[in-house]
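Counting in this note's numbering, the sequence shown runs from 35 upward without gaps.
Here a beta-carbon is modelled for each residue, glycine too, at the ideal position from N, C-alpha and C.
This report concerns only the one structure given below.
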Amino acid sequence: MSSEPDWNHYRTLVAVVETGSLSGAARVLNLTQPTVSRHIDALEAACGVTLFLRTQRGLDPTEMALRLLPLAQTMLATTAAMGRLVTETAADVRGTIRVSASEIMGSEILPPILSVLRRRHPALVIELVLSNAVDDLLRRQADIAVRMTEPVQGALIARRLPPVALGLFAHKGYLARKPAPVTLADLKDHDFIGFDHETPPLRDLVQNHPALNRAAFALRTDSDVAQLAAIRAGFGIGLCQVKIAQREPDLIPVLSAEVSINLGLWVVMHENLKTSTVCRVVFDGLVEGLQTAARRSP
């Protein structure tokens, strides 16, 4: 490098790669397009390399830009985490915490738990990231994560919670059109709802329950929220958390004796955050809320 680049230029790099254009990055960063262009020019000059190729499609990142990208993302995530950490005070739970959870967990289970936390601590701000991808806590993409896969990194603090029960359910309107299957083999005559892309956890699920394979699905989507919406709409039969289905009288269990799945559940945070008052409060609040939800009758 000929000189040390401005950190803001790395932020611009990330925005340009993610949006694919100077104008897109300008909108994301609330800057003018010429300013974004100057940032990229300055970063290329400081690094002594070309980071983007101008094409008819927009800006294509070079190999060097793609190699810098995860490092720049880590820098930005760490800076954001540092900012959230220094806003808290010892006397009050104050600050911003970023929580990652799956779509279903974040939309169906966590809202009342987060509501309790906010009422207890009015100065608390929560950023809720909904994704079925496992956020990398080591890179500080989130402060705390609610995961359904066991964390294996040694630098993480994890609290194991009661497992989440899954089963097959269908709307009563669907079962009025098509009688409920009696055996797993009967599922071939039904409209089955399931995933599109197979992940390692789903691969394990299919190995234990061969009927739940992609070829059998009449509706394929990787969105758990979309799958639940399809079940509620009477599209067909799909997997659903038992606790969620039990809230709704119109959702009827199907083949419950044949398909009964328990998924592990963990609340996880980086060990470096254990001395943070606000992180500890949110971590403990999530654990308490999820334990209560597991014990609660529908």
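Quiz item: Within the 8 Å Cβ cut-off, does Glu184 reach chain C?
Solution: Of the protein chains in this structure there is only one, and it is not chain C.
Quiz item: To the nearest angstrom, how far is it from the Cα of Val48 to the Cα of Leu87?
Solution: Their Cα atoms are separated by approximately 15 Å.
Quiz prompt | Unbroken beta strand (DSSP E) run spanning Arg88, endpoints | solution = Run containing Arg88: Phe86 to Thr89, per the beta strand (DSSP E) assignment.
Exercise. Kindly list the residues whose CB is nearer than 6 Å to the CB of Leu221, restricted to its own chain and excluding five residues on each side of it in sequence; keep chain order.
Key: Cβ neighbours of Leu221 beyond the five flanking positions: Pro215 and Ala245.
Exercise. Out of Leu299, Leu148, Ile278 and Arg254, state which residue places its alpha-carbon closest to the alpha-carbon of Gly228.
Key: Comparing Cα positions, the closest option is Arg254.
Quiz prompt | Inter-residue Cα distance where the pair is Ala111 and Thr217 | solution = Here the alpha carbon of Ala111 sits roughly 49 Å from the alpha carbon of Thr217.
Quiz item: Using the C-alpha atoms, what's the distance from Pro68 back to Asp177?
Solution: Using only the alpha carbons, I get a separation of about 34 Å.
Quiz item: Nearest to Pro213 by CA position, among Val259, Thr113, Val288 and Leu262, is which residue?
Solution: With distances taken between Cα atoms, Pro213 lies closest to Val288.
Quiz prompt | N- and C-terminal bounds of the alpha helix (DSSP H) containing Leu320 | solution = Segment Thr311 to Arg329, the alpha helix (DSSP H) holding Leu320.
Quiz item: Short check: CB of Ala99 to CB of Val51, under 8 Å?
Solution: Contact: yes.
Self-check item: Three-state secondary structure assigned by DSSP to Ala124
Solution: Residue placement at Ala124 is flagged as unreliable, the pLDDT there being 40, under the threshold of 50; a coordinate-derived value is accordingly withheld.
Quiz item: How is Gln175 classed by DSSP in three states: helix, strand or coil?
Solution: In the three-state scheme derived from DSSP, where H, G and I count as helix and E and B as strand, Gln175 is classed as coil.
Quiz item: Which same chain residues, not among the five before or five after Met109, have their C-beta less than 8 Å away from its C-beta?
Solution: Once the five neighbours on either side are set aside, the close Cβ partners of Met109 are Trp41 and Tyr44.
Practice problem: Taking the CB atoms as reference points, tell me whether Ile147 and Gly298 lie closer together than 8 Å. | Solution: With contacts defined by Cβ atoms closer than 8 Å, Ile147 and Gly298 do not form a contacting pair.
Self-check item: Range of the contiguous alpha helix (DSSP H) that encloses Leu218
Solution: Leu218 -> no alpha helix (DSSP H), and no H or E assigned at all.
Exercise. Could you tell me if the beta carbon of Ala192 falls within a distance shorter than 7 Å of some heavy atom in the ligand FMN?
Key: As for the ligand FMN, it is missing from this structure, which has no ligand bound.
Practice problem: On a CA-only basis, which of Ser257, Asp230, Leu85 and Pro104 is nearest Ser136? Give me that one, please. | Solution: The option with the nearest alpha carbon to Ser136 is Ser257.
Quiz item: Which same chain residues, not among the five before or five after Ala250, have their C-beta less than 6 Å away from its C-beta?
Solution: Within its own chain, the residues whose Cβ lies closer than 6 Å to the Cβ of Ala250, once the five positions on either side in sequence are excluded, are Phe226, listed in chain order.
Quiz item: Which word fits Gly207, buried or exposed, when buried means at least 16 other C-beta atoms lie within 10 angstroms of its C-beta?
Solution: With fewer than 16 Cβ atoms within 10 Å of its Cβ, Gly207 is classed as exposed.
Quiz prompt | Closest by C-alpha distance to Ser290, when choosing among Ile143, Val301, Val180 and Gly272 | solution = Per the Cα distances, Gly272.
Self-check item: beta strand (DSSP E) segment containing Val384, residue limits
Solution: Residue coverage of the chain in this structure runs from 35 to 332, which leaves residue 384 outside it and unanswerable.
Exercise. Report the residue ranges of all alpha helix (DSSP H) runs contained in full by the segment 49 to 107; include only those spanning at least 4 residues, in chain order.
Key: You should have 56 to 63 and 67 to 81.
Quiz item: If you draw a straight line from the C-alpha of Asp223 to the C-alpha of His155, how long is it?
Solution: Taking the straight line from one Cα to the other gives about 52 Å.
Quiz prompt | Delimiting residues of the beta strand (DSSP E) encompassing Ala135 | solution = Ala135 -> beta strand (DSSP E) spans Gly129 to Ala135.
Self-check item: Cβ shell of Pro180 (< 6 Å), same chain only, five flanking positions each side left out
Solution: What sits at residue 180 in the sequence shown is Val, not Pro. Excluding positions up to five away in sequence, the list reads Ala135, Met139 and Val301.
Quiz item: Between Met182 and Pro197, what straight-line distance do the alpha-carbon atoms span, to the nearest angstrom?
Solution: Going by the C-alpha atoms only, they are around 9 Å apart.
Self-check item: Residue closest to Gly129, alpha-carbon to alpha-carbon, out of Ser310, Asp230, Cys274 and Asp284
Solution: Here the closest residue by C-alpha is Ser310.
Self-check item: Backbone secondary structure at Gly201 - three-state DSSP
Solution: The answer is strand: DSSP assigns Gly201 an E or B state.
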